[in-house]
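Chemist: Numbering (our numbering), first residue to last: 25 to 489.
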RNA sequence: UCCAGCGUAGCUCAGUGGUAGAGCGGUCGGCUGUUAACCGAUUGGUCGUAGGUUCGAAUCCUACCGCUGGAGCCA
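See the structure below:
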């Protein structure tokens with residue numbers, strides 16, 4: 025009777041070109057409607073946005089139980105894939121047998137009507153079953169894949185840099201401490217300080233805020249490398265663009281200057297947009313319809329246009345002459361504020377803008393000092409709606425200059441012996457940048473809160489699930 | 001962390017000092033190749049928490065918690 029059948033993903037079933045006599049489908053009930061002699065079940069298995077319609081006739085032995093199926097229940101269906109008699113879908117399944125795998129009672133929080141992202145965020149374990157979040161996380165997967173593809177097509181080597189680091193100054197942010205010390209029995213040195221020699225690694229350790237320094241070591245051996253992994257910042261940032269745990273992509277290239285770096289960042293952003301537009305059409309249409317009506321136009325515009333490049337001091341001049349009333353002052357030597365970045369990218373150029381050559385005072389120690397002695401080869405890629413999506417630089421490859429930079433930043437070069445060794449032995453000009461994976465995903469999907477593009481978001485005061 | 005706004009039924013919200021409401025959802029019934037189905041009935045609440053003002057508080061005041069938007073820090 026039940027000859028073995030391997031289940032078909034709904035995505036594949038919907039793309040069939042001919043009817044199939046025997047097919048198996050499994051998934052979760054999105055909605056059910058009764059007709060006179062049968063019941064319509066809309067089934068979704070997450071393989072795609074669309075549901076598959078199941079016809080459950082009242083001749084099925086468990087029809088009474090099927091009529092009690094509610095949204096959220098899981099079932100396994102065997103039947104025939106046939107052309108639908110109704111409008112709205114090409115195919116449907118006339119079921120021979122429906123096994124109820126798991127019921128869902130009426131406390132199931134997802135209804136078939138629309139829910140706000142804020143409500144769905146509170147049920148993060150169930151929200152991937154919604155249309156919006158199913159789409160977000162399918163696109164997230166594709167985007168990650170496209171990133172690897174982009175780099176591999178260009179001969180980059182994927183490097184896994186450590187997540188636990190002993191370096192407390194990678195140039196960015198507050199760190200999470202990693203320790204096995206019992207908070208109730210803290211070992212002390214004779215002068216009362218915490219004795220980290222008794223800790224697991226016999227020294228203070230932290231969760232990484234960047235894999236850059238380690239990536240530099242590998243770039244100065246394998247020439248072109250990238251990292252792609254989780255990153256942790258213990259900053260008390262409460263915004264729609266910040267998370268305590270996020271993923272970052274950090275390419276690092278030997279024999280590469282700032283121009284090459286900016287070229288790569290631009291090429292990558294465009295490549296990723298094109299890839300997702302091509303491979304996630306259904307999802308992108310949903311975002312364009314329900315999340316951001318201008319999304320597709322903006323993305324296509326970004327792909328077509330050359331990104332604007334402007335050095336920091338020209339950007340400052342432009343902002344000063346803009347006639348715009350800004351809340352914060354603009355002057356050489358001050359950081360550009362969000363409102364300034366937004367003006368540049370959204371109002372003035374109306375496309376992504378790369379600002380480069382910032383004053384050394386407002387940038388980290390590892391950035392290469394320009395010949396003017398005042399600026400460093402930093403670059404920030406600003407994107408409409410999100411702001412900074414890429415931050416990078418050419419690195420200081422000259423040993424003595426790097427040591428000077430460190431001292432100027434109140435760092436002890438002796439603590440960075442291995443990093444300085446890279447300049448001591450066969451140093452070369454090299455460059456790289458960091459791309460926030462979730463920010464890129466926000467840009468590509470139009471989703472405006474970073475918490476809604478991470479499966480289970482970690483933010484200050486919030487680490488549920 | 002700072003500024004502003006919001007917190008009322010499972011969800012979305014109305015109610016701004018005097019007996020807690022609607023739509024959707026759920027449940028029951030009807031109708032029906034339906035498709036955010038339709039029609040009827042019904043269910044549903046410690047008004048975020050704790051204090052205070054008042055004869056009386058969802059409504060006014062204070063603190064705290066949470067969420068949203070903006071800012072800082074950044075990716």
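Backbone N, C-alpha and C fix where the C-beta goes; we use that ideal spot for every residue, glycine too.
Rounded to the nearest angstrom, what separates residue 448 and residue 214 at their Cα positions?
Modeler: Looking at the two C-alpha atoms, the distance is approximately 38 Å.
Chemist: Grab the span of the alpha helix (DSSP H) containing residue 442 for me, first residue to last.
Modeler: Unbroken alpha helix (DSSP H) run through residue 442: 441-448.
Chemist: Three-state secondary structure (DSSP) at residue 169?
Modeler: Helix at residue 169.
Chemist: When the Cα atoms are used, what is the spatial distance from residue 33 to residue 73?
Modeler: Straight-line Cα distance between these residues: approximately 12 Å.
Chemist: Is there contact here, the stretch 461-481 with the stretch 148-165, by at least three beta-carbon pairs under 8 Å?
Modeler: Contact holds: three or more Cβ-Cβ distances are below 8 Å.
Chemist: My guess is that residue 224 and residue 203 are in contact by the Cβ rule of under 8 Å, so how many angstroms apart are they, rounded?
Modeler: Their Cβ separation, rounded to whole angstroms, is 7 Å, which keeps residue 224 and residue 203 in contact under 8 Å.
Chemist: With a floor of 4 residues, list each alpha helix (DSSP H) that falls wholly inside the stretch 227-303, ordered by position along the chain.
Modeler: List check, alpha helix (DSSP H) in window: 236-246 and 282-303.
Chemist: What is the DSSP secondary structure of residue 399, reduced to helix, strand or coil?
Modeler: In the structure shown, residue 399 sits in a strand (DSSP, three-state: E or B).
Chemist: So if DSSP puts residue 48 in a beta bridge, which residue, or which two residues, is it bridged to?
Modeler: For residue 48, which the question treats as bridged, DSSP gives the partners 102.
Chemist: Among 199, 219, 156 and 242, which residue has its Cα nearest to the Cα of residue 442?
Modeler: Per the Cα distances, 242.
Chemist: Taking the straight line between their C-alpha atoms, what separation do you get for residue 1 and residue 185?
Modeler: Limits of the chain in this structure are 25 at one end and 489 at the other, which puts residue 1 out of reach.
Chemist: With DSSP collapsed to three states, give me the class of residue 55.
Modeler: In the structure shown, residue 55 sits in a strand (DSSP, three-state: E or B).
Chemist: Skipping 5 residues on each side, what residues in its chain have a beta carbon closer than 6 Å to that of residue 141?
Modeler: Within the same chain, residue 141 has close Cβ partners 476.
Chemist: What distance in whole Å lies between the Cβ atoms of residue 430 and residue 467, which are believed to be in contact at a cut-off of 8 Å?
Modeler: Rounded, the Cβ-Cβ distance is 34 Å, inconsistent with contact.
Chemist: Quick check on residue 77: does DSSP put it in helix, strand or coil?
Modeler: Of the three classes helix, strand and coil, the one that applies to residue 77 here is strand, per DSSP.
Chemist: When the distance is taken between beta carbons, is residue 71 closer than 7 Å to residue 35?
Modeler: Yes, they are a contact pair.
Chemist: Straight-line CA distance for residue 383 to residue 426?
Modeler: About 16 Å.
Chemist: Where does residue 42 sit, in a helix, a strand or coil, going by DSSP?
Modeler: Of the three classes helix, strand and coil, the one that applies to residue 42 here is coil, per DSSP.
Chemist: Could you give the DSSP three-state label for residue 29: helix, strand or coil?
Modeler: Correct three-state label for residue 29: coil.
Chemist: Measure the C-alpha to C-alpha separation of residue 257 and residue 183 and round it to an integer number of angstroms.
Modeler: Those two C-alpha atoms are separated by around 21 Å.
Chemist: I'd like to confirm the pairing. Which residues does DSSP put opposite residue 393 in its beta bridges?
Modeler: Its beta-bridge partners are 400.
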